[in-house]
Amino acid sequence: MNIFRLLGDLSHLLAIIVLLLKIWKTRSCAGISGKSQILFAIVYTSRYLDLVTTYISAYNTFMKLIFVVAAYATVYLMYIKFKATYDHNHDTFRMEFLVIPSLILALLINHELTVLEVLWTFSIYLESVAILPQLFLVSKTGEAESITSHYLFALGSYRGLYLLNWVYRYYAEDHYDLIAIVAGLVQTVLYCDFFYLYITKVLKGKKLQLPA
Amino acid sequence: TIFDKLHDEL
């Protein structure tokens, strides 16, 4: 564990809590993409299957459980409890366009052709693009509430911090995983446009509104 | 194995 990874995990945890609290407190999931949330539930389910096969640490197990449970809780709140507030007219990104290519790529490029390993790789590829329906939703409506922006900033920062963690681990531990690194780079690059708007607008107290 | 080390992250 190094500081970048810890900050990355905490940033991820913060993002999840912010999103759940926002939905719970406002009794609404307006502006949130249910498609992205379903994709995240798929991501964490397929990645953390090793919960039953490999023990790494209490921290690792605890965080994995939190991420899986929170992903399903979010999907439940959006599609069942606060279904009436779900913005499905704008949330039109096709999930299969991300799931199918990620699965094919995982079958082609992986560390080992076993079920668990391919599913782990699939989850890494899918996570890198899972935010696209959310970014698509924001671009369609042309704006995002501040709290949604904070959620996206924390979620985007998480993989960015992991990139620093991988640089650190490369030098300090001689450890690197190209699949995770390349996917992490893609994932972070997808947020760049959003990061720019967040820093130039939201942090100055303005609403995130896209130029017409 | 190598995989234990590879997948020690979240």
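Protein chains in written order, with the working numbering: chain A, 65 to 276; chain B, 25 to 34. Quick reminder that beta carbons are idealized off the backbone N, C-alpha and C, glycines included. Since this is a predicted model, take the numbers as computed values, not measurements.
Boundaries (first-last residue) of the alpha helix (DSSP H) holding residue i
i         : result
Met65(A)  : Unbroken run through Met65(A): none, as it is neither H nor E.
Lys204(A) : 196-205
Arg111(A) : 98-111
Residue-level contact to chain B via CB, residue i, 8 angstroms cutoff
i         : result
Phe259(A) : no
Phe131(A) : yes
Arg69(A)  : yes
Asn124(A) : yes
Met127(A) : yes
Asp155(A) : no
Cut-off 7 angstroms between Cβ atoms - residues of its own chain near residue i, not counting five sequence neighbours on either side
i        : result
Thr25(B) : Residue placement at Thr25(B) is poorly supported in this model, since its pLDDT is 44, which falls under 50; the coordinates still yield a value, given next. Nothing listed; no residue qualifies.
Leu71(A) : Leu225
Neighbourhood of residue i by C-beta distance below 8 angstroms, restricted to the same chain and skipping five residues each side
i         : result
Leu141(A) : Leu84, Ile87, Trp88, Cys93
Alpha-carbon spacing of residue i relative to residue j, whole angstroms
i         : j         : result
Tyr260(A) : Ala244(A) : 24 angstroms
Asp238(A) : Val107(A) : 27 angstroms
Asn174(A) : Gly269(A) : 44 angstroms
Arg91(A)  : Tyr255(A) : 27 angstroms
Tyr262(A) : Asp241(A) : 30 angstroms
Tyr235(A) : Ala122(A) : 26 angstroms
Cutoff 6 angstroms; reference residue i; Cβ partners in own chain excluding five residues on either side
i         : result
Gln198(A) : Ser97, Ser100
Arg111(A) : Trp184, Ser187
Inset, instruction - Mind the definition here: the stretch 67-85 of chain A touches the stretch 214-225 of chain A only if three or more C-beta pairs lie below 8 angstroms; say whether that holds. - result: yes
Legend entry - Touch test, the stretch 148-163 of chain A against the stretch 190-204 of chain A, Cβ-Cβ under 8 angstroms, three pairs minimum: yes
Inset, instruction - Please confirm if the stretch 184-194 of chain A is in contact with the stretch 239-254 of chain A, defined as three or more CB-CB distances below 8 angstroms between the two stretches. - result: yes
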